[in-house]
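Please read the structure below before turning to the comments.
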Amino acid sequence: MASHSPVTQDAQRYRPRDTHAERLAAADKAALARWNSATNTAWYPDYHLAPFTGWMNDPNGLVCFRDRYHVFYQYHPYSSDWGPMHWGHITSEDLVHWQHQPTALAPGDACDRDGCFSGSAVTCDDKLYMFYTGHFVLDAPTPSNPDAIYEHQCLAVSSDGIHFEKLGAVVRPPPGYVHFRDPKVWFQEGRWWMVCGARDSAKDLGQLLLFTSDDLEHWDDSVWQVLAVTEDKNVFMWECPDFFTMGRREDLKILLFCPQGIRANEYDYRNRFQNGYMAGHWLPGGPWTVQREFRELDRGHDFYAAQTFMSADNQRRLILGWLDMWESPMPSKEHGWCGCLTLPRELHYSESTGLLRMLPARELVGLRAPEVTMVPGVVLDDNSDAQLLADCTAYEVDITFNTETSTAEKYGLWLGAEVELFVDTQSNRLVLNRHYPQYMLSGYRSCEMPTTVLLRLHVYVDRSSIEVFVNDGEATFSSRIFPDEGDRALRLFAINGTADVVGGNMWKLKATIEH
Ligand code: FRU
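Under this note's numbering, think of the first position of the sequence shown as 487, with each following residue one higher.
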């Protein structure tokens, strides 16, 4: 395998202080000490994946290996701010109950001195192969490298899924590329393929680079191809790519990625960065041809860096995203932790509509406490509201409205005093609004109202998140919420007219993350 030193002078100057095993142990020890002193768990999720202390961003290396789901994630154990990236690790046998594992990767080796950035995992010959970006911060900017960084793709291998041996760098950046990260690896037509997010230094355009290998360990990085490039001159980087087949046709591909730099346009692209997809055709050796243009995958305030993986029986494609957004205030930092992931979701694609739908993974019925509460059919009077739950921190509500017989200007659900999910009949949009001026977190996200008569809102609420699945995944909203103590009542409401609630069900959800 090719092993490359990033920049010779930095590599020579660098002398690792400790072994990788020592750095991993130090990270876990520091995290444990900070967890013990953590006092306020008001927003710490009951059933979403979050670091038990420290900072989390992207999900990484999602894979089912020996009947266990492995979720790795960008992790900084030493504070609740982003810092030198480690890979945290959580596992599950059923996608419902999760166990924290020891930190899997710590930066500081010659191949990843300043960070183990995002990447993916595959299994081969009963081993787990993790591809990730070795990140370096260089001393001084240059005209062709104003950000003074170096990034290349590295490999780490494990036989037990818990302990990883770093095998070093396997893919260097092609000439003219500095930002070059987040490898996603897959197998197709007898070979391994890797796609990486990139930005070319000459034009500053976001794009994806493609490499191939026949044995996972040897990648001839002198042979590469630009798989796709942005047509929007404002888009300077594409991060966190995924490239996968839906259904039986090998040539029909979804390209999922995070373009940076798209300008907000009316109701679209309101978040700092986007995460979305294109549908098209690709076969090894051929070009990528776009069939459906870029579309945001989620309509909420907080959804980024999503990555897909296959279910244990290899029948369903699942997806997890980071339930946060870069540069958004994160009030839980005060409590010593920050960041969480979305629920695991199933992906469904319809070729006729070009729509990629996300639904809660079917395993999630296992989150429900035994008692179900019926929401009876009711017509809410003009300017009235009705309480569904008093003060619940973790619940699921699945409720249907008749949009044709509802006359209100605005109707839907209030979650405490600061969050509302409602139909706005004036703009004909479904809106998720949050209002936290105290945290500089206010504003709404919305989608077009579905054209169906019945509007089904399937909602998961945890201590600091809401996820809404509209009409079987026609749209989804993922957003962080930060309710005050005692401000968690769930109410139905109708303003200036009536709301026709067809009915629904509610469940309290269990706490399923083991510490
Ligand atoms: C996306 C990202 C990745 C990078 C990682 C660093 O959120 O910027 O491109 O690998 O985060 O933490």
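From the three backbone atoms N, C-alpha and C, an ideal C-beta is built for every residue, glycine too.
In this text, all values refer to a predicted model and were calculated from it rather than measured experimentally.
DSSP-derived helix/strand/coil call for P588: DSSP places P588 in strand when its eight states are reduced to three.
DSSP-derived helix/strand/coil call for W823: Reduced to three states, the DSSP call for W823 is strand.
Exposed unless 16 or more other CB atoms sit within 10 angstroms - verdict on H704: exposed
Extent of the continuous beta strand (DSSP E) run through A903: Neither: A903 is in no beta strand (DSSP E) and is coded neither H nor E.
Inter-stretch contact (C-beta, 8 Å, three-pair minimum) for the segment 950 to 965 and the segment 541 to 551: no
Residues with C-beta closer than 7 Å to any heavy atom of ligand 1, in chain order: N543, D544, Q560, W568, M571, G601, F603, S604, T619, R667, D668, G683, E725, C726, C744, Y790, A791, W808, W812
Beta-carbon proximity of W808 to L783, cut-off 8 Å: At least 8 Å separates the beta-carbon of W808 from that of L783.
Cβ neighbours of P492 in the same chain (closer than 6 Å, five flanking residues each side left out): Residue confidence for P492 is low, a pLDDT of 41 falling below 50, so the modelled location carries little weight and cannot support an answer.
Alpha-carbon to alpha-carbon, L833 and T577: Roughly 21 Å separates the two Cα atoms.
Residue burial classification, Q912 (beta-carbon count within 10 angstroms, cutoff 16): exposed
Cβ-based burial, D707 [other Cβ within 10 Å; buried from 16]: buried
Between the CA atoms of I967 and Q498 - distance to the nearest angstrom: Because the pLDDT at Q498 is just 37, under 50, the model does not fix this residue reliably, and the value given afterwards should be weighed accordingly. Taking the straight line joining both Cα atoms gives about 47 Å.
Pairwise C-alpha distance: L614 and S644: 5 Å
Reference H586; option with closest CA among R554, G983, D600: R554
Segment limits, beta strand (DSSP E) that includes P846: 841 to 846
C-alpha gap between A791 and T938, whole angstroms: 31 Å
Rounded distance between the beta-carbons of H556 and G647, thought under 8 Å: 6 Å
Chain-order list of residues whose beta-carbon lies under 6 Å from that of G762 (same chain, five-residue window excluded): Hits under 6 Å: F780, R781, E782, L783.
Identity of the residue in L875, R749, R599, T893 nearest M860 by Cα: L875
Cβ shell of V608 (< 6 Å), same chain only, five flanking positions each side left out: Excluding residues up to 5 positions away in sequence, Y615, V671 lie with their Cβ nearer than 6 Å to the Cβ of V608 in the same chain.
Simplified DSSP assignment, three categories, for P660: The answer is coil: DSSP assigns P660 none of H, G, I, E or B.
For L907, the nearest candidate out of F955, A798, P563, S870 (CA to CA): F955
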